[in-house]
Amino acid sequence: MAKKKAEVKLDTWGIYTQWDSESKDLPRLLKMTRDIPCEKDIEFGYVVNIKKAKNRKLQYCIYHPDIPDEDGEPMAPFAGEVYIRQNDWKFFIGDTIWLPIENKAGPWRITLAIDGVIYTDETFNVFL
Numbered sequence: 001m002a003k004k005k006a007e008v009k010l011d012t013w014g015i016y017t018q019w020d021s022e023s024k025d026l027p028r029l030l031k032m033t034r035d036i037p038c039e040k041d042i043e044f045g046y047v048v049n050i051k052k053a054k055n056r057k058l059q060y061c062i063y064h065p066d067i068p069d070e071d072g073e074p075m076a077p078f079a080g081e082v083y084i085r086q087n088d089w090k091f092f093i094g095d096t097i098w099l100p101i102e103n104k105a106g107p108w109r110i111t112l113a114i115d116g117v118i119y120t121d122e123t124f125n126v127f128l
């Protein structure tokens with residue numbers, strides 16, 4: 001039997017309160033925007049509502065704007081996956097600006113896919 005097509009809706013995006021990955025609570029939206037000031041500890045990203053996808057794999061990827069690693073090479077995108085826990089599930093994906101801020105400006109692209117199919121692809125403009 002074929003799997004039902006997942007329903008993914010972008011709920012909110014922008015600047016949020018600090019996110020605690022150990023908590024079940026999602027961060028609170030502070031400002032809806034795709035233009036993010038490059039300030040230490042600012043949390044940004046988006047919340048999606050996912051339906052009809054319980055127990056399927058959600059893949060996330062954050063593409064940084066050529067931020068150098070310890071060796072001076074551009075950092076690889078940050079990617080991972082989680083299992084979707086419920087049939088009606090809200091999920092936050094985002095990142096935080098860290099020091100030094102000078103090399104964090106530029107486009108930050110964040111994608112979400114389910115079983116390899118991209119459902120959301122959002123770009124945030126982080127500016128100094």
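Numbering follows full-length UniProt numbering, in which position 93 of the sequence shown is assigned residue number 93; successive positions increment by one, without gaps.
For each residue, glycine too, the CB sits at the ideal point set by N, CA and C.
Being a predicted model, the structure only gives us computed values, none of them experimental.
For this session: My understanding is that His64 touches Trp108, with C-beta atoms under 8 Å, so please give their C-beta distance in whole angstroms.
Result: One-based indexing of the sequence shown puts residue 64 at position 64. One-based indexing of the sequence shown puts residue 108 at position 108. Indeed they touch by this definition, with Cβ atoms about 6 Å apart.
For this session: Indicate whether Lys90 and Ile67 have their beta-carbon atoms separated by less than 9 Å.
Result: By one-based count along the sequence shown, residue 90 stands at place 90. By one-based count along the sequence shown, residue 67 stands at place 67. No, the pair does not count as a contact, with Cβ atoms beyond the cut-off.
Problem set entry | Buried/exposed call for Gly94, threshold 16 Cβ in 10 Å | Locating residue 94 in the sequence shown gives position 94, where the first residue counts as 1. The residue in question, Gly94, is buried, as its Cβ has 16 or more Cβ neighbours within 10 Å.
Problem set entry | 7 Å CB neighbourhood of Pro27 in its chain, flanking five on each side removed | Within the sequence shown, numbered from 1, the residue matching residue 27 stands at position 27. The answer, listed in chain order, is Tyr16, Thr17, Gln18, Trp19, Glu43, Phe92.
Exercise. Can at least three beta-carbon pairs, one atom from the region 115–128 and one from the region 69–79, be found at a separation below 8 Å?
Worked result: no
For this session: Please classify Glu122: does DSSP put it in a helix, a strand, or coil?
Result: As a working mapping, residue 122 is identified with position 122 in the sequence shown. It is a strand residue.
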